[in-house]
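Heads up: the sequence shown begins at 1 in UniProt numbering, then just goes up one per residue.
Glycine included, every Cβ here is placed at the ideal spot set by N, Cα and C.
Source: prediction; values computed, not measured.
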Amino acid sequence: MKTLLIIDVQNDFIPNGSLPVPNGNQIIPVINKIQDKFDLIIGTQDWHPKDHISFASNHDEKSVFDEIEIHGQPQTLWPDHCVQGTEGAAFHPDLNTEKFEAIFRKGTDKTIDSYSAFYDNGHLKSTGLAGYLKEKRTSQLYVCGLAADICVYFSIIDALNEGFDCFFIDDASKSLDIKEFETLKKEMIAKGIQIVTSRSV
Ligand SMILES: [Zn+2]
1 MKTLLIIDVQ NDFIPNGSLP VPNGNQIIPV INKIQDKFDL IIGTQDWHPK DHISFASNHD
61 EKSVFDEIEI HGQPQTLWPD HCVQGTEGAA FHPDLNTEKF EAIFRKGTDK TIDSYSAFYD
121 NGHLKSTGLA GYLKEKRTSQ LYVCGLAADI CVYFSIIDAL NEGFDCFFID DASKSLDIKE
181 FETLKKEMIA KGIQIVTSRS V
């Protein structure tokens, strides 16, 4: 089963959202165009309670983008984003979601962040996505979305560790930090993830 996993194409991560990924809107037509090439399409949403630990607003005397430690892991503090049920947490209206067979939500536990669509940042709890994909007999897993250097990156690394044959769709993803992502891309290639473009899926 050739599967497309679309990470967090939500209003808050698009320019004019609360945590915009530069040019994040540009990937939407690319993602819409490739959907016909897949047998199974899954979407994810960052889906936080408003008292979520990753929001700088929930920490006294801390600013956005400060780093703290949670469960022994570094945690960047973000602007409030993707609060459950808000417009910011909704999929961007231009994203075609008709063919999504399932939507997995992450970051729902207020005490821990979840960059990956598979596990929280402490690898304490699973979202069930790996089991779902295995039951659906996913073999090749193509991953794209926002932000390439954070949620897409951590999702594809977990997917690889779960044994899926992983492909990262470069032009269907945008990163928050372009320079940092160039380093992560080399790491992905070294681990065996294939970097492809939308034309070659
Ligand atoms: Zn988040």
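Across the structure, Ile193 and His52 are spaced so that their CA atoms are roughly 32 angstroms apart. Distance from the CA atom of Phe13 to the CA atom of Lys106, rounded to whole angstroms, is 15 angstroms. Taking the CA atoms as reference points, Pro15 sits about 7 angstroms from Gly24.
Going by DSSP, Leu141 is part of the beta strand (DSSP E) stretching over Gln140 to Leu146. For Lys191, the uninterrupted alpha helix (DSSP H) segment begins and ends at Ile178 to Lys191. In terms of Cβ geometry, Gln140 and Phe167 form a close pair [threshold 8 angstroms]. Annotation: the continuous alpha helix (DSSP H) that includes Ala130 extends over Leu129 to Glu135.
When C-beta atoms of the stretch 22-42 are compared with those of the stretch 53-60, fewer than three pairs fall below 8 angstroms, so the two segments do not count as touching.
Secondary structure note for Lys106: its beta strand (DSSP E) is the uninterrupted segment Phe100 to Lys106.
Within the DSSP secondary-structure output, Tyr119 pairs in a beta bridge with Ser126. Nearest C-alpha to Gly163 among Phe118, Glu67 and Asp113: Phe118. Of the other Cβ atoms in all chains shown, fewer than 16 fall within 10 Å of the Cβ of Thr183; this residue is therefore exposed.
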